[in-house]
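To start, the structure under review is shown below, and the notes come after it.
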Amino acid sequence: MDDLNKVMNIAGQPEFAVISRWKRAMPQYTVGHRERLAKIKEQMASELPGVFLAGSSYEGLGLPDCIDQGEKAVRDVLLYLQQAPVQQTSDLYSSVR
2 MDDLNKVMNI AGQPEFAVIS RWKRAMPQYT VGHRERLAKI KEQMASELPG
52 VFLAGSSYEG LGLPDCIDQG EKAVRDVLLY LQQAPVQQTS DLYSSVR
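Residue 28 in our numbering is what sits at position 27 of the sequence shown, and the numbering runs on without skipping anything.
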């Protein structure tokens, strides 16, 4: 309550409070997570091609899930780089000058 009072200037006491602690439990994504993630990936593909997401915030919270995502991201990056147009060495050199 002290934190709420400092941040939001709330001095009253709550009518009720519920505190839930799930020891030794995995967090869960909120409803609609997959749909939001699909939209994010679609937007990134058009606006940030070659950037890929990996980690517990996206498609799996456990360590094995994160490892799988990291490996998939590496494969996606390599495939993207293989398909990207090759820039000529002379073009690279002239842009440095």
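From the three backbone atoms N, C-alpha and C, an ideal C-beta is built for every residue, glycine too.
Cα-Cα separation between residue i and residue j, rounded to whole angstroms
| i | j | result |
| --- | --- | --- |
| Gly71 | Gly13 | 47 Å |
| Leu38 | Ile68 | 18 Å |
| Ala18 | His34 | 27 Å |
| Phe53 | Gln83 | 15 Å |
| Glu60 | Arg22 | 23 Å |
| Ser58 | Ile11 | 32 Å |
Residue i, enclosing alpha helix (DSSP H) - first and last residue
| i | result |
| --- | --- |
| Leu49 | First-last for Leu49: undefined, no H or E at that position. |
| Ile68 | 64-84 |
| Asn6 | 3-9 |
Sub-8 Å separation of residue i and residue j beta-carbons
| i | j | result |
| --- | --- | --- |
| Met27 | Leu64 | no |
| Ala55 | Ala85 | no |
Q. Do the region 35-44 and the region 70-84 meet, that is, are 3 or more Cβ pairs less than 8 Å apart?
A. no
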